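Peer 1: Pasting a structure here, questions to come.
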Amino acid sequence: MLTELGVPHPRMARLWCDNLGAKYLSANPVFHARTKHIEIDFHFVRERVVAKLLDIRFINSADLVADGFTKALSAAKLKLFRSNLNLVSG
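The opening residue of the sequence shown carries number 1259 in the numbering used here; numbering runs sequentially from there.
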């Protein structure tokens, strides 16, 4: 869609994941045979990784910025979260 709109973008999107098992599973089909049940969205992601349209990288759970939207944070984490979003208190 970005191409159709004329917006420059990298060919390969980057997805940050805090689960090493999921990262390895998306990159290595050998692990696929060891799983009991895989959701359909995994297959979608796996196809994109193989086609080099998606790059999955590991991020430590403590560094996930999205947690600020979904979890209660300590005062120190809240300040860091606000800083990462370039928010200032008014």
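Here a beta-carbon is modelled for each residue, glycine too, at the ideal position from N, C-alpha and C. Bear in mind the structure is a predicted one, so any value in this text is a computation, not a measurement.
Where do the N-terminal and C-terminal ends of the beta strand (DSSP E) with R1272 fall, by residue?
Peer 2: As a position in the sequence shown, residue 1272 is number 14, starting the count at 1. Note, R1272: beta strand (DSSP E), 1271-1275.
Peer 1: Report the CB separation of L1312 from V1303 in whole angstroms; it is logged as a contact under 8 Å.
Peer 2: As a first step, residue 1312 must be located in the sequence shown, where it is residue number 54. As a first step, residue 1303 must be located in the sequence shown, where it is residue number 45. Indeed they touch by this definition, with Cβ atoms about 7 Å apart.
Peer 1: In this structure, what does DSSP give as the bridge partners for R1315?
Peer 2: Stepping through the sequence shown from its first residue, residue 1315 is reached at position 57. Answer is W1274.
Peer 1: Under a three-way DSSP split, which group does S1341 fall into?
Peer 2: The residue labelled residue 1341 in the question sits at position 83 within the sequence shown. Three-state DSSP puts S1341 in a helix.
Peer 1: Between which residues of its own chain and A1320 is the CB-CB distance below 6 Å, once the five residues before and five after are set aside?
Peer 2: To locate residue 1320, count along the sequence shown from 1; it is residue 62. For A1320, where only same-chain residues beyond five positions count, there are no Cβ hits under 6 Å.
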